[in-house]
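This report refers to the structure that appears directly beneath it.
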Amino acid sequence: AQSVTQPDIHITVSEGASLELRCNYSYGATPYLFWYVQSPGQGLQLLLKYFSGDTLVQGIKGFEAEFKRSQSSFNLRKPSVHWSDAAEYFCAVVGWNTGFQKLVFGTGTRLLVSP
Amino acid sequence: EAQVTQNPRYLITVTGKKLTVTCSQNMNHEYMSWYRQDPGLGLRQIYYSMNVEVTDKGDVPEGYKVSRKEKRNFPLILESPSPNQTSLYFCASRTGTSGRARGTDTQYFGPGTRLTVL
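First to last, the protein sequences are chains A and R. Position in the first sequence (from 1) plus 3 gives the number in our numbering. Position in the second sequence (from 1) plus 1272 gives the number in our numbering.
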């Protein structure tokens, strides 16, 4: 079964600094990968997704992610963090062995932005 | 505006008192799903529905029921809630029902329902 690991529970970044959130997946075939953001008291919003093709994916709010098959990773990056980026971030995968019927989520990484 | 709505947003109840959390989407999506979010566990799927009158269990279905009598609505029912069902619940929807291509469709999430069972 597929699984997703987000090794960092919390990350603190200074405003204006760069950000990288780690995501590793376990899946036999080419996965479909997603990054979602959950702002305080809000639902989940899709930042970006990867299915195939170009391994560097651009998303909303200035985020990007790179799919690296050799490392089974799909890390999320942003060159300059804004205070409004403080939120919880979830990596997720969906795959054929569940008939594409569910997203399997990581445990999330909470991003704190310091002034 | 395309959206998934849930009601109530917050609910405090007592053990054994039946409750229903409603979910509605206005995007004519075939697929709908319920997740629960718990600290350190991420989101886990409870039930999903591929279309009207078609539902199936997710990873953590025990203690929950669902129904899909209309395409837009997918209520979550807790017939006898227990404290271990205290959680944040999300409803989601997307187009399509199955197949590799549909797996790429974006799931849209509701704002969440925070449930506390005393």
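A virtual CB, placed ideally from N, CA and C, is assigned to each residue, including glycine.
Asked                                                                                                                                : Found
Contact list for the stretch 84-110 of chain A against chain R, Cβ threshold 7 angstroms                                             : 93, 97, 99, 102, 103, 104, 105, 106, 108, 109, 110
For residue 110(A), the three-state DSSP class (helix, strand or coil)                                                               : coil
Burial state of residue 1355(R), where buried means 16 or more other Cβ atoms lie within 10 Å                                        : exposed
Proximity below 8 angstroms, CB of residue 106(A) to CB of residue 15(A)                                                             : no
Spatial distance of residue 54(A) from residue 73(A) (CA atoms)                                                                      : 16 angstroms
Test item: CB-CB of residue 1317(R) and residue 1305(R) under 8 angstroms                                                            : yes
Residue 1300(R) in three-state terms, based on DSSP                                                                                  : coil
Beta-bridge pairing of residue 16(A) - partner residues as DSSP gives them                                                           : 116(A)
Buried or exposed by the 16-neighbour rule on C-beta atoms within 10 Å, applied to residue 1292(R)                                   : exposed
Nonlocal neighbours in the same chain, by C-beta distance under 6 angstroms from residue 1364(R), ignoring five residues either side : 1305, 1379, 1381
Within 9 angstroms of chain R by C-beta, residues of the stretch 41-53 of chain A in sequence order                                  : 41, 44, 45, 46, 47, 48, 49, 52
Runs of alpha helix (DSSP H) wholly within the stretch 53-77 of chain A (minimum 4 residues, chain order)                            : none
Within 8 angstroms, strictly: CB atoms of residue 47(A) and residue 41(A)                                                            : yes
C-beta contact flag for residue 110(A) and residue 9(A) at 8 angstroms                                                               : yes
Pairwise C-alpha distance: residue 63(A) and residue 1330(R)                                                                         : 29 angstroms
Reference residue 56(A); option with closest CA among 75(A), 35(A), 65(A)                                                            : 35(A)
Environment of residue 13(A) [buried if 16+ CB atoms lie within 10 Å]                                                                : exposed
Within-8 angstroms CB hit, residue 1381(R) to chain A                                                                                : yes
For residue 1287(R), three-class secondary structure by DSSP                                                                         : coil
Same chain only: Cβ atoms within 8 angstroms of residue 17(A), ignoring 5 sequence neighbours per side                               : 84, 116, 117, 118
Reduced DSSP category for residue 1359(R) - H, G, I as helix; E, B as strand; rest coil                                              : strand
Residue from 1366(R), 1377(R), 1383(R), 1388(R) with nearest C-alpha to residue 1302(R)                                              : 1366(R)
Residues from the stretch 1320-1344 of chain R in contact with chain A, defined by Cβ distance under 7 angstroms                     : 1320, 1330
Euclidean distance between Cα positions of residue 1351(R) and residue 61(A)                                                         : 44 angstroms
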